[in-house]
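To get my numbering, take the position in the sequence shown, counting from 1, and add 184.
We put the beta carbon where it would ideally sit given N, CA and C, even for glycine.
Since the structure is predicted, the reported quantities are computational estimates derived from the model, not experimental observations.
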Amino acid sequence: MIAAISVSDFDHHREDYHNLRLGIFNHQPSGVKGNEYDLNLFSDYFHGHNINAITGEEILNSLAWLREERGNHAGAINRKEASIRSYFRYLRFVQIEGADSFPIESMPRAREPYTGPVKALEPDEVSRLLGSIDKNSVLGFRDFFLYSMLYRLGLRIGEAISININDIDFEKQILNIHGKGRRERKLPLLPDLMDILEKWLVCRTRLYGANQLDALFISKKGNRLSIRTAQDNFQKIVTKAGPFSINKVTPHSMRHAFATHAIEGEQDIFVLKAILGHASTKSTEIYLHPSMRVLRKAVNNHVASEILADLITTKNAALRVHQRT
Numbered sequence: 185m186i187a188a189i190s191v192s193d194f195d196h197h198r199e200d201y202h203n204l205r206l207g208i209f210n211h212q213p214s215g216v217k218g219n220e221y222d223l224n225l226f227s228d229y230f231h232g233h234n235i236n237a238i239t240g241e242e243i244l245n246s247l248a249w250l251r252e253e254r255g256n257h258a259g260a261i262n263r264k265e266a267s268i269r270s271y272f273r274y275l276r277f278v279q280i281e282g283a284d285s286f287p288i289e290s291m292p293r294a295r296e297p298y299t300g301p302v303k304a305l306e307p308d309e310v311s312r313l314l315g316s317i318d319k320n321s322v323l324g325f326r327d328f329f330l331y332s333m334l335y336r337l338g339l340r341i342g343e344a345i346s347i348n349i350n351d352i353d354f355e356k357q358i359l360n361i362h363g364k365g366r367r368e369r370k371l372p373l374l375p376d377l378m379d380i381l382e383k384w385l386v387c388r389t390r391l392y393g394a395n396q397l398d399a400l401f402i403s404k405k406g407n408r409l410s411i412r413t414a415q416d417n418f419q420k421i422v423t424k425a426g427p428f429s430i431n432k433v434t435p436h437s438m439r440h441a442f443a444t445h446a447i448e449g450e451q452d453i454f455v456l457k458a459i460l461g462h463a464s465t466k467s468t469e470i471y472l473h474p475s476m477r478v479l480r481k482a483v484n485n486h487v488a489s490e491i492l493a494d495l496i497t498t499k500n501a502a503l504r505v506h507q508r509t
């Protein structure tokens, strides 16, 4: 008998599952919301294709639909797969018919095609990008501080946007970051960043509702700056300061640049892992691929360059450079 779960059971228990994650297990609302979106998508597929019983084959068909019809890449598919796998474990735990024998753990993962090492902005490009921001206006200085912080500390845009003023220890000059998966980390606020921070706090008082909000980065309407607005503003700056050596420049490119330049500066990978808030060094290892600039410097500094230079310039050398006649 083929293991199957009814679509009605799949739909009926979703709300309890989401409430359980928010309540007893204290999962992040953003994660629960993303999970809810994924499961709604699967439900739409099942109903749209008149499926009454969910089997392993139907799950695979839905994953194929995500790739072929919705254009999802492997990372997006794997996230949705993780959502349904977690939900099926819950259905098994509450003893929903068919869940106990459903082979959800055997579901294969999608693989991204290898696209080469992470491409990062060069230091002069970061300087050009940040230097193009108008720092004479309040909102311009806010954006300069925000994007400078992404590069200076290697933050994710969501981490920076979520910073509250009470996350800052002004006496010890330490910043508390609320990272992915509720992982918190503390990072130092060095003098250069502290100087910009203090200037921003003065500018910030000129925005509506500044005294009523603890958010470090606020909008002109007095709300916490949204990720979408920060991304849109960044794209305007990219358009103004471009072109760049990489095709797609986003706020996350500043984090990539920080990590890449740290590795090129011979930063210890375990220290970098802690700064970036990675759960595993595997995530940090993607930055270990040296750029062409670093490769060129390494080859140029090799003793071979001196040996060849001596051979070419020595009068009695066996190797001669002849001009064509």
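DSSP state of residue i mapped onto helix, strand, coil
i: Glu-252; result: helix
i: Lys-466; result: helix
i: Ala-501; result: Interpretation of Ala-501 is limited by its pLDDT of 48, a score under 50 that renders its predicted location unreliable; no figure is taken from the coordinates.
i: Ile-208; result: coil
i: Ala-304; result: coil
i: Ile-238; result: strand
i: Ser-489; result: helix
i: Arg-408; result: strand
i: Ser-429; result: coil
i: Ser-190; result: strand
i: Tyr-331; result: helix
i: Ile-280; result: coil
i: Arg-508; result: Interpretation of Arg-508 is limited by its pLDDT of 47, a score under 50 that renders its predicted location unreliable; the figure taken from the coordinates is listed afterwards. Three-state DSSP puts Arg-508 in coil, outside helix and strand.
i: Ile-317; result: coil
Boundaries (first-last residue) of the alpha helix (DSSP H) holding residue i
i: Lys-383; result: 375-388
i: His-445; result: 435-448
i: Leu-371; result: No alpha helix (DSSP H) holds Leu-371; the beta strand (DSSP E) holding it covers 368-372.
i: Asn-395; result: Note, Asn-395: premise wrong, no alpha helix (DSSP H); not H, not E.
i: Arg-511; result: Since the first residue shown for the chain is 185 and the last is 509, residue 511 is missing from the structure and cannot be characterised.
i: Asn-219; result: 213-232
i: Leu-460; result: 453-460
Cutoff 7 Å; reference residue i; Cβ partners in own chain excluding five residues on either side
i: His-445; result: Pro-307
i: Arg-312; result: Ala-425
i: Ser-267; result: Asn-219, Asp-222 and Leu-223
i: Ile-249; result: It should be pointed out that residue 249 corresponds to Trp in this sequence rather than to Ile. Tyr-229, listed in sequence order.
i: Ile-380; result: Phe-329 and Ser-332
i: Tyr-201; result: Tyr-271 and Tyr-274
Residue i, buried or exposed, once every other Cβ within 10 Å from all chains shown has been counted against 16
i: Lys-264; result: buried
i: Asn-234; result: exposed
i: Gly-259; result: exposed
i: Glu-199; result: exposed
i: Phe-454; result: exposed
i: Ser-192; result: exposed
i: Ala-463; result: exposed
i: Asn-320; result: exposed
i: Val-386; result: exposed
i: Asn-203; result: exposed
i: Leu-244; result: exposed
i: Pro-435; result: buried
i: Thr-465; result: exposed
i: Gly-282; result: buried
i: Ala-488; result: exposed
Any chain C beta carbon closer than 8 Å to residue i
i: Asp-494; result: In the structure shown, chain C does not exist; there is a single protein chain.
Limits of the unbroken beta strand (DSSP E) element including residue i
i: Asn-348; result: Per DSSP, Asn-348 belongs to no beta strand (DSSP E) and is neither H nor E.
i: Ile-361; result: 358-362
Beta-carbon proximity list for residue i, same chain, < 8 Å, skipping 5 on both sides
i: Asp-195; result: Ser-227
i: Ile-430; result: Lys-303, Ala-304, Leu-305 and Ser-437
i: Ile-390; result: The residue asked about is misnamed: residue 390 is Arg in this sequence, not Ile. Here the set comprises Val-322.
i: Ala-493; result: none
i: Asp-376; result: Arg-336
i: Val-478; result: Glu-448
Cut-off 6 Å between Cβ atoms - residues of its own chain near residue i, not counting five sequence neighbours on either side
i: Phe-442; result: Tyr-335 and Gly-338
i: Gly-406; result: Tyr-392 and Gly-393
i: Arg-293; result: Asn-262
i: Thr-509; result: Legend: pLDDT at Thr-509 = 46, less than 50; position of this residue unreliable, no value from coordinates given.
i: Thr-468; result: Ile-453, Leu-456, Lys-457 and His-462
i: Asn-417; result: Asp-327
i: His-440; result: Val-302 and Ala-304
Legend entry - At least three beta-carbon pairs within less than 8 Å, the segment 357-376 to the segment 409-428: no
Inset, instruction - Tell me, please, whether the segment 276-286 touches the segment 205-217 by the rule of three or more beta-carbon pairs shorter than 8 Å. - result: Result no; under three Cβ-Cβ pairs closer than 8 Å.
Inset, instruction - Count the C-beta pairs between the segment 393-408 and the segment 470-489 that are closer than 8 Å, then say yes if the count reaches three, no if not. - result: Look at the beta carbons and you see the segment 393-408 not touching the segment 470-489: under three pairs across the two are nearer than 8 Å.
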